[in-house]
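Residue numbers (this note's numbering), protein chains in the order written: chain A, 9 to 394; chain B, 42 to 335; chain C, 4 to 290. For each residue, glycine too, the CB sits at the ideal point set by N, CA and C.
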Amino acid sequence: MTSARRKAVVSVGFALLALAAAILLAACGSGIEEPPAEAATGKGNEVEVEAKPSGDLTISNWPYYIDKQTVPDFEKATGVSVKYIEDVNSNEAFLAKMKPLLANGESGGRSLMVVTDWMARKMHELGYLQEFEPAAIPNFEKNLADNLRAASYDPGRDFAAPWQSGMTGLVVNTEKAPDVHTICDLFDPKYKGKVEMLNELRDTVPLVMKCEGVDVEHATEADWLKAIEKIKGAAESGQIRRFTGNDYTTDMSNGNAVAVIGWSGDAVQLQADNPNIEFRMPEEGCILWSDNMVIPVGAPNPTAAEAWINYVYDPVNQAQIEAFVNYVSPVEGTKEVLLKEEPEIANNKLIFPPPSFTKNCSIQPSPGTPKEEQKINQAFNAVLNG
Amino acid sequence: MSASASAPSRAWHWLREHAVLIIGVLVVIYLLVPIAVIFFFSFNNPSGRYNFTWVGFTLSHWENVFGIPELNEALWTSIKLALLATVISTVIGTMMALALVRHQFFGRRAANFLIVIPMATPEIVMGSSLLSFFLILGNPALGFNTLLIAHIMFCISFVVVVVRSRLIGFDRHLEEAAKDLGASPFTTFRLVTLPLIMPGIFGAAMLAFALSIDDFVISNFNSGTTVTFPLYIFGAFQRGVPVEVNCIAMILFGVTVLAMVATTLQQRRAEKMASVRPDQEEEIPIVVSTVGAA
Amino acid sequence: MAALRSRVSAYGLLLPGAFWLIVFFVVPLYFLGRLSLDTNELTYYKFNWHWQNYSDALSLYDTQFVRSFIYSGLATLICLLLAYPLAYAIAFKAGRWRHALLLAVVAPFFTTYLIRTISWVTILSAESPVVEVLEFLHIVNNGRLLATAPAVVAGLVYNYLPFMVLPIYASLERLDTRLMEAAKDLYANAATTFFKVTLPLSAPGVVAGTLLTFIPATGDYVNAEFLGGPGNQMIGNVIQSLYLKQQEYPAAAALSFVLMAIILVVVLIYIRFAGSEALMGEEGMAR
C-alpha cells in the first residue's frame with residue numbers, strides 16, 4: 009500500500025471520527041434522563057412588538073383543515089410569506105415529535121401550531137407556549153364566540169385561540185345501518201365487525217361512558233377504566249373492526265364499516281363521496297371540542313402568527329374557510345356572511361349547531377391527575393394494541 | 042411411455058410436467074398484482090379524496106405529478122438522503138470488504154460478526170435503540186442528520202456482503218501480473234482491481250439506494266419533524282393518499298427497473314469481454330446475487 | 004514486514020465502517036438497555052435499575068409477543084412453500100424467460116413498501132371484486148377480509164416473499180445439475196431425486212431465506228397497522244406506539260430489548276440445527 013493511499017484512508021477515518029465526535033458533542037444537551045429545567049415561561053420570552061407583520065410564517069395544522077385560497081389571500085393582504093404544513097395527525101404523536109425541540113425552547117421554525125384543547129393545556133403546563141399580544145389581535149378579542157370565551161384551562165384566552173370547533177358523535181351509513189341512534193347501538197351484535205371507534209382516548213371513552221350513563225364531566229378514574237373495559241370486550245369479541253384516526257373515513261367510503269364514532273366535519277365532506285353517509289347526534293349527546301391555534305416558545309415570528317389569528321377571525325375570511333372545512337366556526341358573524349353567499353352551509357346544523365341540537369353534549373373531558381391520566385392512557389392503549 | 046394415453050391423461054401428464062412452472066407463474070402473478078393495481082389506480086379520477094374505488098380514467102394526475110409541494114419536498118428529502126447514504130455507505134463498506142477478504146488480522150471474526158449482526162436485527166430494534174441513544178444524549182436535532190446516520194448504519198452491512206462476494210470470486214493472478222509489469226500497488230488497485238469489482242460495488246450501491254429510499258420503520262423513529270417519501274405516505278394514509286403518489290411510485294419503479302436491466306446487460310458484456318470468471322457461465326443479475334449472498 | 008503492513012492497512016480499511024457500526028449500532032443497544040431500566044417520572048426518566056419494567060411489559064403484552072412469532076412463523080412457512088417451486092422453476096424450467104421471471108421477483112423491491120401494502124387495502128376491501136369472488140365461494144363471510152389475521156399474514160407473506168425466493172434461487176442455480184442426472188441414471192424417481200439430492204444441496208438457500216423472512220417479519224408493524232384489526236396487532240405495533248405516541252420509553256425499550264434477545268436465541272438455535280454457512284456465509288461462497 010502506498011503511503012498516499014494509506015494517508016487517504018487514515019484521513020477518511022479521521023474525518024469520520026471528527027464528524028461523529030461533532031455529532032456527539034452537539035448532542036450533549038439535556039437528555040430525557042434529567043429533570044427539565046424550570047419551565048421556560050412563555051411570558052419571559054421577550055417578544056418584540058413590531059408595528060407591522062412581515063417575513064416568513066410557518067404553520068402546522070391538521071390535514072384538510074383549510075381551503076386553497078386563504079393562504080394566498082393572507083399573503084397578499086399582509087406581505088407575510090406562509091409555509092403551511094399539514095403534519096399534525098394525532099395530538100400525542102405530534103407532541104412526541106415536537107417535545108425534544110420544545111423542551112429546548114425551539115419550535116423547528118413553526119410560529120403557529122393547531123392542537124386540541126387538552127393538548128393546548130398540556131403544552132402550556134409544560135411551558136411550551138407563549139401568550140398573545142392582545143393589541144395585535146383585535147378581531148379575536150371582538151369576534152370569538154361567546155360560549156368559547158372562558159375555557160377551563162385558559163379562562164382569559166391568553167394562549168389558545170380556537171381554529172375550529174367540532175362534535176364527536178356517530179357517523180353512519182344510513183342504508184346499511186339505519187337503526188344506529190345511540191352509542192350503545194354500536195355494541196349491537198348485528199353490526200359485528202362493521203363498527204369502528206376513534207383511537208383518541210378523549211373522544212371514544214367519554215362517549216362510551218355516556219352510553220353507561222356516567223356524567224362525563226365528573227367522571228372518576230373508575231368510570232374511565234370501566235368504559236375502557238367495555239371497549240376491550242367489544243374489541244376482543246370482534247365487534248369493533250379497527251380503531252382509527254382520520255382513516256375511518258376510508259373505511260366508511262369503501263364499505264368496510266357502517267357505523268363509527270367520528271367527527272362532524274368529516275361527515276359533511278364524506279357525503280361528497282357517498283350521500284348515504286351522515287353524522288348522527290347520539291341520543292346520549294356528543295363531545296364538544298376545539299382545535300386551537302397556539303404560538304410555541306421559540307417561534308421565530310410571533311407577530312406574523314398573531315396577524316394570522318387576527319386575519320382568520322375576520323368573519324368574511326372565516327366564511328371562506330368554513331365553506332370548505334365544514335366544522336363549527338368559533339367566529340361570531342360568520343353565519344351572517346354565509347347566509348348571503350352560501351345559505352346551504354349557513355343553515356346546516358352541523359356547521360352552525362343550534363343550542364337545542366347540542367343540549368346533551370359535554371365539553372371534552374380529561375382524566376384527573378397526571379398519574380391517573382397515565383394509568384388510563386396505558387389501559388386504553390393496551391386495548392388499541394390488543 | 043404410454044403412447045396410448047387418452048386425452049385427459051395426456052392433459053394430466055402435461056400438467057404434471059409443468060406443475061412447477063405453473064405454480065411459479067402463479068406466484069409471480071401474486072407478486073405483481075399490487076404493482077398492477079398501483080399502476081392502474083394512477084389513472085383513477087376519484088370523486089372525493091379516496092383513491093380506493095375505480096371512478097374514471099384521467100391523465101390529469103400524471104400531467105400534474107409534481108403539483109403537491111409537500112410531496113415534492115418529501116421526495117426530494119428522500120432522494121438527497123438516499124444519495125448521501127449510498128455514497129458514504131458504499132465507500133466505507135467497500136473498504137471493509139477489502140479488509141476482510143484481502144487481509145488476515147486479529148479480530149477478523151469479530152469484524153465479521155459486527156457486520157452480520159445488524160442484518161439479523163429487526164428494523165424496529167435498530168430504530169428504537171438509535172432513538173433511545175439520541176434521546177438520552179439529549180440531541181434536539183432529530184431530523185435529516187439523524188436519518189443520514191441511521192441510513193448509513195443499516196446500509197453498510199449489505200454493501201460489505203455484496204462487495205465481498207464479488208471479491209471472493211476474484212482472480213488475483215491479474216493483480217500479480219500487473220505488479221510484475223511494474224505497476225505500483227495503488228496503480229494496480231486503480232487500474233485492475235477497481236474496474237473488476239466495479240459491478241459488485243455498483244450493485245451494492247444500487248441495493249443501498251433502494252434500501253434507503255424505501256425505509257420506513259427506522260426513519261419513523263429518527264426523523265423528528267423531517268418528512269421523507271415513505272413518511273409522507275404514512276401520514277397521508279390517514280386522510281387519503283393522493284393519486285400523485287401512485288404516479289411517483291411508478292416513476293421510481295420504472296427508473297430502477299431500467300437501471301437494473303441496463304446494469305445486467307452491461308455486466309454481461311463486461312464479463313464476456315474480460316471473462317475473468319470462466320467458471321461462471323451466466324451472470325445472474327446483481328441484485329439477485331446480492332440478496333442471495335445476504 | 005509485509006505482514007505488518009498488511010495488518011496496518013487492514014485496520015485502516017476497517018476503521019471507518021467498524022467505527023460507524025460500533026457507535027451507531029452497538030452503543031445504541033447499550034442505551035436501549037439502559038433506558039429499559041429507567042423509571043418514568045412523568046416529566047423525565049430516571050435511571051434506576053428498574054427491572055420491573057420487564058415483568059410489567061411482558062405481562063401486559065405477552066399476547067402480542069406470542070402472536071408476532073405465530074404470524075411470522077406462519078408467514079415464513081407459507082413463503083417457503085410458495086418460493087421453493089418458483090425458485091426451482093426459474094432455475095430449471097424457465098429457459099429464456101429466466102431473466103424476466105427474476106426481474107418480476109425483484110420488481111416489488113422497487114415499489115415503495117408502504118404503497119404496496121396500501122395497495123392490498125384496495126384489493127381486499129369489502130366491495131372489491133376479489134372479496135366478492137371469495138364471498139361467492141363462501142371462503143369469506145360478511146365481506147370481511149381486511150382487519151383479520153389472515154390478511155396480516157398474507158401481507159407479511161407478500162412483502163417478504165422475494166427474500167425467500169432469491170437465496171433459494173441462488174443456491175439452486177449454483178447446483179451441479181449432473182448430480183440430479185446421476186440420480187436419475189441410478190433409477191431414482193423424481194421425488195427421491197428431489198428429496199435426496201436437490202433439497203439437501205439447496206439447504207443453505209433455504210436457511211438463508213427463512214432467516215431473511217422470519218427476522219424482519221417478526222418485528223414488522225406496517226402490515227398489522229394497515230391490514231389488521233385490534234386483535235391482530237404485533238409486538239412492533241406496541242413498541243412503535245409506546246415510543247412515538249405514549250412516550251412510555253422504558254417499557255418500549257424493555258420490549259424492544261426482549262424482542263432482540265428472543266430473535267437472537269431463535270436464530271442461534273436454528274443455525275445450530277441448520278449449519279452456520281447461511282448467515283456467516285462468506286466462506287461458503289468462496290468455494
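- Here ASP274/A has THR257 as same chain residues with Cβ atoms under 6 Å from its own Cβ, once five neighbours each way along the sequence are excluded.
- By the criterion of at least three beta-carbon pairs nearer than 8 Å, the stretch 139-154 of chain C is not in contact with the stretch 281-293 of chain A.
- Chain order gives the chain A residues near ARG280/B as PRO71, TYR72, ASN254, where near means a beta carbon separation below 7 Å.
- In the three-state DSSP reduction, LEU235/B falls in the helix class (H, G or I).
- For PRO197/A, the nearest beta carbon of chain C is not closer than 9 Å to its own beta carbon.
- The beta carbon of LEU176/B falls within 9 Å of a beta carbon belonging to chain C, placing the residue at that interface.
- Residues of chain B with a Cβ closer than 8 Å to the Cβ of GLN236/C do not exist; the shortest Cβ-Cβ separation is about 13 Å.
- The count of Cβ pairs closer than 8 Å, one atom from the stretch 143-158 of chain A and one from the stretch 183-190 of chain A, stays below three, leaving the stretches out of contact.
- Taking C-beta atoms as the reference points, GLU130/C and THR94/B count as a pair closer than 9 Å.
- Around the C-beta of LYS357/A, fewer than 16 other C-beta atoms lie within 10 Å, and the residue is accordingly described as exposed.
- Straight through space, the alpha carbons of ILE238/B and ALA245/B are spaced by roughly 11 Å.
- Between the stretch 36-44 of chain C and the stretch 170-188 of chain B, the count of Cβ pairs shorter than 8 Å is three or higher; the stretches touch.
- Here the C-alpha atom of PRO240/B lies approximately 22 Å from the C-alpha atom of HIS144/B.
- In this structure the stretch 198-208 of chain C does not lie against the stretch 254-265 of chain C, because fewer than three pairs of beta carbons, one per stretch, are closer than 8 Å.
- At the C-beta level, LYS200/A and GLY246/A come within 9 Å of one another.
- Residue pairing by DSSP places ILE295/A opposite THR176/A, SER370/A in a beta bridge.
- Note that the C-beta distance between PHE148/A and ILE303/A is not below 9 Å.
- GLY222/C belongs to the set of residues whose beta carbon lies under 9 Å from a beta carbon in chain B.
- Identification of chain C residues near THR94/B by a Cβ-Cβ cut-off of 9 Å yields THR125, SER128, GLU130, SER131, ordered along the chain.
- Within the stretch 190-253 of chain C, the complete alpha helix (DSSP H) segments of 4 residues or longer fall at 193-196, 206-222, 225-230, 238-247, listed in chain order.
- GLY341/A and THR267/B have their C-alpha atoms spaced approximately 39 Å apart.
- Under DSSP, MET301/A shares a beta bridge with VAL122/A, ALA169/A.
- When CB distances to chain B are screened at a threshold of 8 Å, the residues of the stretch 85-110 of chain A falling below it are ILE93, GLU94, ASP95, ASN97, LYS105, MET106, PRO108, LEU109, in chain order.
- One alpha carbon belongs to VAL108/C, the other to PRO165/C, and they sit about 6 Å apart.
- At a beta-carbon threshold of 8 Å, the residues of chain A lying near VAL241/C are ASN393, ordered along the chain.
- Using a CB distance below 8 Å, the part of the stretch 97-121 of chain B facing chain A consists of GLU111, ordered along the chain.
- Residue range 64-68 is occupied by the beta strand (DSSP E) that includes ASP64/A.
- With a contact defined as Cβ atoms closer than 8 Å, LEU272/B and ASN261/B qualify at about 6 Å.
- In chain order, PHE112, PHE113 make up the part of chain C whose C-beta sits under 9 Å from the C-beta of ALA251/B.
- Flagged as an interface residue toward chain C: LEU134/A, by a C-beta distance shorter than 9 Å.
- Boundaries cannot be given for ILE142/C, as no alpha helix (DSSP H) includes it and DSSP labels it neither H nor E.
- Contact check for GLN277/A and THR78/A: beta-carbon distance about 17 Å, past the 8 Å limit, so the pair fails to qualify.
- DSSP places GLU286/A inside the beta strand (DSSP E), whose first and last residues are 285-288.
- Checking the DSSP bridge columns, you'll see THR252/A partnered with LEU206/A.
- Looking at the DSSP output, GLY270/A bridges to GLY177/A.
- In this structure, the alpha-carbon of ARG99/C lies about 52 Å from that of ALA243/A.
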